[in-house]
Amino acid sequence: MSEGLTHPTWAPLLLGGWLALALASGLAVWRARALLAALGARQASAGALRDGLLLGAALALAVALLGPRFGTRSVEVPGHGIDVVLLLDVSRSMDATDTPPSRLVRAREAALALLRRLGPGDRAALAVFAGHAALLTPLTSDHNALAEMLPALDTQMMSDRGSELARGVVAALDAFDPRSLRPGVIVALGDGERGHRIADADLARLRRSGVRVVAGAIGSEAGSPIALTGGVLRDPSGNVVTSRRETRGFERLAEASGGSLLVADAWGAFGPDALVEAVRHGLTPGPGGTIRRELPVTHAGVFAGLAFLLLALEALADTRRLRRIVDTSRLRRLVDTGRLRRIVNTGRLRRLAARLPALGLAALLVGATPAEIEELEAHVRDAPEDATLLVALGLARARAGDPAEAARAFAAAAVRAKTREEAALASYDLGVALLEAGDFAGARDAFLDATASAPGDRDAKFNLEWALRALEAEPPPPVPSPTRSDEPDDAAPQDDARGEPEPEAPVPDATEPQPPEESPPALPRKPAPLSPEEISRWLDAVEDRPRSAFQAALEEKGGARTGPQW
53 MSEGLTHPTW
63 APLLLGGWLA
73 LALASGLAVW
83 RARALLAALG
93 ARQASAGALR
103 DGLLLGAALA
113 LAVALLGPRF
123 GTRSVEVPGH
133 GIDVVLLLDV
143 SRSMDATDTP
153 PSRLVRAREA
163 ALALLRRLGP
173 GDRAALAVFA
183 GHAALLTPLT
193 SDHNALAEML
203 PALDTQMMSD
213 RGSELARGVV
223 AALDAFDPRS
233 LRPGVIVALG
243 DGERGHRIAD
253 ADLARLRRSG
263 VRVVAGAIGS
273 EAGSPIALTG
283 GVLRDPSGNV
293 VTSRRETRGF
303 ERLAEASGGS
313 LLVADAWGAF
323 GPDALVEAVR
333 HGLTPGPGGT
343 IRRELPVTHA
353 GVFAGLAFLL
363 LALEALADTR
373 RLRRIVDTSR
383 LRRLVDTGRL
393 RRIVNTGRLR
403 RLAARLPALG
413 LAALLVGATP
423 AEIEELEAHV
433 RDAPEDATLL
443 VALGLARARA
453 GDPAEAARAF
463 AAAAVRAKTR
473 EEAALASYDL
483 GVALLEAGDF
493 AGARDAFLDA
503 TASAPGDRDA
513 KFNLEWALRA
523 LEAEPPPPVP
533 SPTRSDEPDD
543 AAPQDDARGE
553 PEPEAPVPDA
563 TEPQPPEESP
573 PALPRKPAPL
583 SPEEISRWLD
593 AVEDRPRSAF
603 QAALEEKGGA
613 RTGPQW
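So, in structure tokens, the structure goes:
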């Protein structure tokens, strides 16, 4: 991981282009010399020198773009923890029982053991893959919440039940912030079947991220059939499918990222400290609560500086040519300020944004006038089912200082969205508008819808967490007292408006039979507020169902199957 190229896949294109440029330049020089020789003219050496400098600069720039890396440098980063993404294989082959009771059960147990060994400053996240992949949770320090979600991960989560390890790694990389210096580790747990099909572009992205992959291979080399209700899984030809453990894909990921590969025993278990030691490998505690990291050194700047130096030498090789290039009078003639003013006409841009249903142009509606908003509303009335127009209308209303009307437009757009992307965008904007209006509960629901439609949207997840924290910090509503202080006392005598006492009611004769007294109807009593202990007991009694929430986030719209379904 410390040596090589940052962008190895660019090498054929860049070096091939440089070779083509060098051949074309050499051919042009050869033809020019032949022509000069035929004419008996003197051949100038300055032109050949400048061509050589240009070719050298182009080669240096190509090498700089490739990002040569060699050597390492030590960096002291805050030692408050590491970031770990638990990536579990939930393909059908994980139901194999060669590591009883099943490979998936053993993978969940290994993930649970690792969560329990993480420190308070460590953060973790959950991701899964089968024929597709998804990041289920953002990085969080709430390890207990992740442990409660692990039993919900099974092989029924995804409709495409194949096995695409590369997609799982790409989804897990989305959890890490590339600007963070916290060490990042992906712990991939699965049988590795067909995992060797990893593109070079995915390996290059893994190298650039600096995230290590610790792979845990579960299963046996002999393999096992996959049990189904009433039999075993068979391929389209009718043959029994035997699923075997493969490590080639795990080995490529570990080699590309500087990680490691662990192989479970016959019972699907790893050593008691094997996963923890592999995750923390290379993280040496230093003084002052820091962690020393060894990071690869990229030397692109050296080659880029060399390229600019060669270009400067080529420019100075002929000062008269340089003077012809820097002709200030020609530059002044090119600057036509009147033409620029006609192009940068904000009013025209705003009117164009109101007529075209493009979100990129809708972003130009800063400070839109009421007339322009009415024009946009007219377009919405003409096409009431266009979610994009409704989002644009909501943006215009929000920037005009009307978050309530903006929220109505965003809510209508979310209902009328025809694609997952439109629904995610409308729900996200709705949540922002509700936050501005102070409706934290509504904003929470909107951001939940946004994350369900776009599980990889970091901004939606951040805003969701912010809304949840705001709800926790919000004081509870005041509890009304059982009696109102402004009601008159029943025992006090009531006078009429003239100050005269009301006539006394006649005293009934004791000898006459009296009708039974009717008791006044009982007023409904408001329930007393729950104590914190009662709230905790009530929440504990509610059954959590993370599996259904995961499935809602993993729904696919008719995607093509990627291969065998195990």
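Residue numbers for the sequence shown follow the numbering used here, so the first one is 53 and each next one is one higher. Here a beta-carbon is modelled for each residue, glycine too, at the ideal position from N, C-alpha and C.
Exercise for review: With DSSP collapsed to three states, give me the class of valine 354.
Suggested key: Valine 354: helix per DSSP, three-state reduction.
Review point. What residue range is occupied by the uninterrupted alpha helix (DSSP H) comprising valine 157?
Key: Per DSSP, valine 157 belongs to the alpha helix (DSSP H) from 155 to 169.
Practice item. Below 8 Å on the Cβ atoms is my guess for alanine 519 versus alanine 495; work out the distance and round it to an integer in Å. Key: The C-beta distance from alanine 519 to alanine 495 rounds to 5 Å, short enough to fall under 8 Å.
Check your understanding: Cα-Cα, which of Val263, Ser272, Val484 and Ala321 is closest to glycine 311?
Key -> The alpha carbon of glycine 311 has as its nearest neighbour, out of Val263, Ser272, Val484 and Ala321, the alpha carbon of Val263.
Review point. Apart from the five residues on each side of it in sequence, which residues of its chain come closer than 7 Å, Cβ to Cβ, to alanine 522?
Key: Shown here for alanine 522: same chain residues with a beta carbon closer than 7 Å to its own, the five before and five after excluded, namely Phe492 in chain order.
Point to revise | From Ser145, Leu335 and Arg449, residue whose alpha carbon lies closest to that of glutamate 1 | key: The shown model of the chain, from 53 to 618, leaves out residue 1, and the question about it has no answer.
Point to revise | Residues bridged to isoleucine 238 [DSSP beta-bridge criterion] | key: Within the DSSP secondary-structure output, isoleucine 238 pairs in a beta bridge with Val137 and Val265.
Exercise for review: With DSSP as the reference, please indicate the residues paired to phenylalanine 360 in a beta bridge.
Suggested key: Per DSSP, none; premise fails for phenylalanine 360.
Review point. If you check the beta carbons only, do valine 432 and leucine 445 fall under 8 Å apart?
Key: It is a contact, given that the beta carbons lie within the stated cut-off.
**Study point:** Beta-carbon contacts of alanine 108 that lie in its chain and below 6 Å, excluding the five residues immediately before and after
**Key:** Looking at the sequence itself, residue 108 is glycine, so the reference to alanine does not match. Take glycine 108, set aside five residues on each side of it, and the residues of its chain with a beta-carbon closer than 6 Å to its own are Leu362, in chain order.
Practice item. Could you give the DSSP three-state label for serine 479: helix, strand or coil? Key: Helix.
**Study point:** Beta-carbon gap between aspartate 434 and phenylalanine 462 smaller than 8 Å
**Key:** No, the Cβ-Cβ distance between aspartate 434 and phenylalanine 462 is not below 8 Å.
Review point. So is serine 289 buried or exposed if we call it buried at 16+ other beta carbons inside 10 Å?
Key: Residue environment: serine 289 is assigned as exposed (fewer than 16 neighbouring CB atoms within 10 Å of its CB, all protein chains considered).
Review point. Leaving out five residues before and five after arginine 375 in sequence, what residues of the same chain have Cβ atoms less than 8 Å from its Cβ?
Key: Confidence at arginine 375 is low in this model, with a pLDDT of 47, below 50, so the placement of that residue is unreliable and no value is reported for it.
**Study point:** leucine 66, DSSP secondary structure in three states
**Key:** DSSP places leucine 66 within a helical segment (H, G or I) once states are collapsed to three.
Review point. So, are the CB atoms of alanine 162 and leucine 241 less than 8 Å apart?
Key: With contacts defined by Cβ atoms closer than 8 Å, alanine 162 and leucine 241 form a contacting pair.
Exercise for review: With a threshold of 16 other CB atoms inside 10 Å of the CB of phenylalanine 302, please say whether the residue is buried or exposed.
Suggested key: By the Cβ neighbour-count rule, phenylalanine 302 is buried, with 16 or more other Cβ atoms within 10 Å of its own.
Check your understanding: Under 7 Å from any heavy atom of the ligand NAP, does the C-beta of glycine 183 make it?
Key -> Ligands displayed in this structure: none; no statement on the ligand NAP is therefore possible.
Point to revise | Sequence-distant residues of its chain with Cβ nearer than 6 Å to arginine 403 (five each side left out) | key: Here arginine 403 scores only 41 on pLDDT, less than 50, and its place in the model is too uncertain to base an answer on.
Check your understanding: Do the region 231 to 249 and the region 133 to 141 make contact, defined as three or more Cβ pairs closer than 8 Å?
Key -> A contact exists between the region 231 to 249 and the region 133 to 141.
Check your understanding: Where does glutamate 298 land, buried or exposed, given buried means 16+ other C-beta within 10 angstroms?
Key -> Under this definition glutamate 298 is a buried residue.
**Study point:** At least 3 beta-carbon pairs within less than 8 Å: the region 191 to 204 vs the region 174 to 182
**Key:** Short answer: they touch.
Practice item. May I ask you to verify whether the region 59 to 74 touches the region 320 to 332, counting CB pairs closer than 8 Å and requiring at least 3? Key: Put simply, the region 59 to 74 does not touch the region 320 to 332. Fewer than three CB pairs are less than 8 Å apart.
Practice item. State the Cα-Cα distance for the pair arginine 155 and aspartate 317, rounded to the nearest angstrom. Key: So the two alpha carbons sit approximately 12 Å from each other.
Check your understanding: Out of curiosity, what's the CA-to-CA distance linking methionine 169 and valine 331?
Key -> Before going on, a small fix: residue 169 reads as arginine here, not methionine. Between arginine 169 and valine 331, the alpha-carbon positions lie close to 11 Å from each other.
Point to revise | C-alpha distance - leucine 477 paired with alanine 504, whole-angstrom precision | key: Rounded to whole angstroms, leucine 477 to alanine 504 spans 12 Å at the Cα level.
Exercise for review: Run the CB neighbour count on glycine 490, radius 10 Å, all protein chains shown included, and call it buried at 16 or more, exposed below.
Suggested key: With fewer than 16 other Cβ atoms within 10 Å, it is exposed.
Point to revise | Supposed contact pair leucine 117 and tryptophan 62 - C-beta distance, whole angstroms, cut 8 Å | key: About 6 Å separates the two Cβ atoms, so the contact holds.
Review point. What residue from Glu273, Thr471 and Glu524 has the CA that sits closest to glutamate 437's CA?
Key: Ranked by Cα distance from glutamate 437, the options Glu273, Thr471 and Glu524 are led by Thr471.
Exercise for review: Have a look at Ala502, Thr151 and Arg231 and flag the residue whose alpha-carbon is nearest the alpha-carbon of valine 315.
Suggested key: The shortest Cα separation from valine 315 among Ala502, Thr151 and Arg231 belongs to Thr151.
Review point. Cβ atoms of alanine 279 and threonine 192: under 8 Å apart, would you say?
Key: Taking 8 Å as the Cβ cut-off, threonine 192 and alanine 279 do not qualify as a contacting pair.
Exercise for review: For leucine 500, collect the residues of the same chain with a Cβ closer than 8 Å to its Cβ; drop the 5 residues on either side in sequence, then sort them by chain order.
Suggested key: Once the five neighbours on either side are set aside, the close Cβ partners of leucine 500 are Leu516.
Review point. Excluding sequence positions up to five away, which residues of its chain have a Cβ less than 6 Å from the Cβ of serine 479?
Key: Cβ within range, chain order: Ala466, Ala498, Asp501 and Ala502.
**Study point:** Of the listed residues Ala458, Thr281 and Glu473, nearest to leucine 487 (C-alpha basis)
**Key:** Considering only alpha carbons, the answer is Ala458.
Point to revise | Between the CA atoms of alanine 269 and alanine 227 - distance to the nearest angstrom | key: Taking the straight line joining both Cα atoms gives about 22 Å.
**Study point:** alpha helix (DSSP H) segment containing leucine 233, residue limits
**Key:** Neither: leucine 233 is in no alpha helix (DSSP H) and is coded neither H nor E.
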